[in-house]
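Residue numbers (the numbering used here): 38 to 296.
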């Protein structure tokens with residue numbers, strides 16, 4: 038049977054139109070008309086004024102007693118969450134979480150603790166892996182062959198010096214030699230002067246002359262030239278020594294002495 042709702046001035050035109058249209062399309066007649074008073078009412082069965090014939094709820098439901106609450110755990114993250122519960126009863130249970138294990142959680146740290154679950158800021162680092170943590174490293178020259186080697190340094194800082202005299206030539210490339218151009222063994226390739234190596238042509242000094250005059254025949258006895266020696270000591274004049282040439286009769290030549 039088709040249901041046609043008579044329009045009630047107090048009811049919504051929209052509701053009437055929605056319900057009437059399908060019925061008219063189906064060919065309902067005037068005899069099939071039902072009062073809107075019976076078609077609209079409280080459609081909730083738990084209400085005190087529930088209308089079993091009502092097709093459209095009009096918001097008139099009355100409840101003399103509210104539904105009893107459904108106790109249970111209403112927190113979704115709990116293990117025993119109850120979706121149907123309307124009132125939390127404090128029964129929620131949660132996964133057991135172990136106490137955090139403090140320690141260094143960074144794997145590149147010197148004191149990394151693989152069992153730690155909470156970083157406590159204790160990480161220390163040994164960047165070069167020499168067993169000395171970075172904050173205790175001491176910079177300096179660690180090369181024992183450098184002239185500024187620092188035995189207490191633990192970290193080479195590139196300050197090693199290999200040119201002790203700062204002459205632009207590394208110590209290992211230095212070459213000792215005589216650098217006096219007046220010497221007979223002057224070494225132009227020497228980078229490090231060593232004057233004890235220099236050799237010079239013989240030059241007779243006053244001391245040498247004194248020794249010669251005091252014992253000119255080299256027999257160990259004074260030759261009587263002491264007065265001449267004293268005069269030489271007090272004479273600032275230039276002394277010229279003339280070579281003496283001797284020849285013997287054995288050579289078939291007469292003895293000739295020039296002085």
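Virtual Cβ for every residue (Gly too), placed ideally from N, Cα, C.
Since I believe residue 227 is in contact with residue 204 (beta carbons under 8 Å), could you give me their beta-carbon distance rounded to a whole number of angstroms? For the purposes of this step, residue 204 is taken as residue 167 along the chain shown, with counting starting at 1. For the purposes of this step, residue 227 is taken as residue 190 along the chain shown, with counting starting at 1. The Cβ separation is near 11 Å, so there is no contact.
Contact defined as beta carbons within less than 8 Å: I believe residue 183 pairs with residue 199. What is the distance between those atoms, to the nearest angstrom? What you label residue 183 is simply residue 146 of the chain shown in a count that begins at 1. What you label residue 199 is simply residue 162 of the chain shown in a count that begins at 1. 6 Å between Cβ atoms; contact.
Which residue spans inside the region 133-171 form an unbroken alpha helix (DSSP H) run of at least 4? none
Just checking my contact of residue 88 with residue 78 at CB under 8 Å: how many whole Å lie between their CB atoms? Here residue 88 is taken as the residue at index 51 of the chain shown, counted from 1. Here residue 78 is taken as the residue at index 41 of the chain shown, counted from 1. Contact holds; Cβ gap of about 3 Å.
With 16 other CB atoms within 10 Å as the buried threshold, where does residue 210 fall? As a working mapping, residue 210 is identified with position 173 in the chain shown. By the neighbour-count rule (16 or more Cβ atoms within 10 Å), residue 210 is not buried but exposed.
Are the Cβ atoms of residue 107 and residue 123 separated by less than 8 Å? Position 70 of the chain shown, counting from 1, holds the residue named residue 107. Position 86 of the chain shown, counting from 1, holds the residue named residue 123. Cβ atoms of residue 107 and residue 123: closer than 8 Å.
Decide yes or no for the touch test of the region 178-192 against the region 153-162: beta carbon pairs closer than 8 Å, at least 3 of them. no
Through-space distance from residue 116 to residue 130, alpha-carbon basis: Start at 1 with the first residue of the chain shown, and residue 130 comes out as number 93. Start at 1 with the first residue of the chain shown, and residue 116 comes out as number 79. Roughly 5 Å between the two C-alpha positions.
Please report how far the alpha carbon of residue 169 lies from the alpha carbon of residue 153, in whole angstroms. Within the chain shown, residue 169 is the residue found at index 132, counting from 1. Within the chain shown, residue 153 is the residue found at index 116, counting from 1. Answer to the nearest angstrom: the Cα atoms are 23 Å apart.
Name the DSSP bridge partner or partners of residue 230? What you label residue 230 is simply residue 193 of the chain shown in a count that begins at 1. Answer is 214.
Would residue 191 and residue 167 be called neighbours here (beta carbons separated by less than 8 Å)? Translated into positions along the chain shown, residue 191 becomes position 154. Translated into positions along the chain shown, residue 167 becomes position 130. Yes, the pair counts as a contact, with Cβ atoms nearer than the cut-off.
Thinking just about the alpha-carbon of each residue, which of 174, 224, 158 and 241 is nearest to the one in residue 234? For this step, residue 234 is matched to residue 197 along the chain shown. Here the closest residue by C-alpha is 224.
Rounding to the nearest angstrom, what Cα-Cα distance links residue 245 and residue 237 in this structure? Walking along the chain shown from the start, residue 245 turns up at place 208. Walking along the chain shown from the start, residue 237 turns up at place 200. Spanning the two alpha carbons is a distance of roughly 16 Å.
CB residue 113 to CB residue 137, shorter than 8 Å? Taking the first residue of the chain shown as position 1, residue 113 is located at position 76. Taking the first residue of the chain shown as position 1, residue 137 is located at position 100. Their beta carbons are not under 8 Å apart, which means residue 113 does not touch residue 137 by this criterion.
Alpha carbon to alpha carbon, what distance is there between residue 111 and residue 83? The sequence position of residue 83 within the chain shown is 46, counting from 1. The sequence position of residue 111 within the chain shown is 74, counting from 1. Whole-angstrom Cα-Cα distance: 24 Å.
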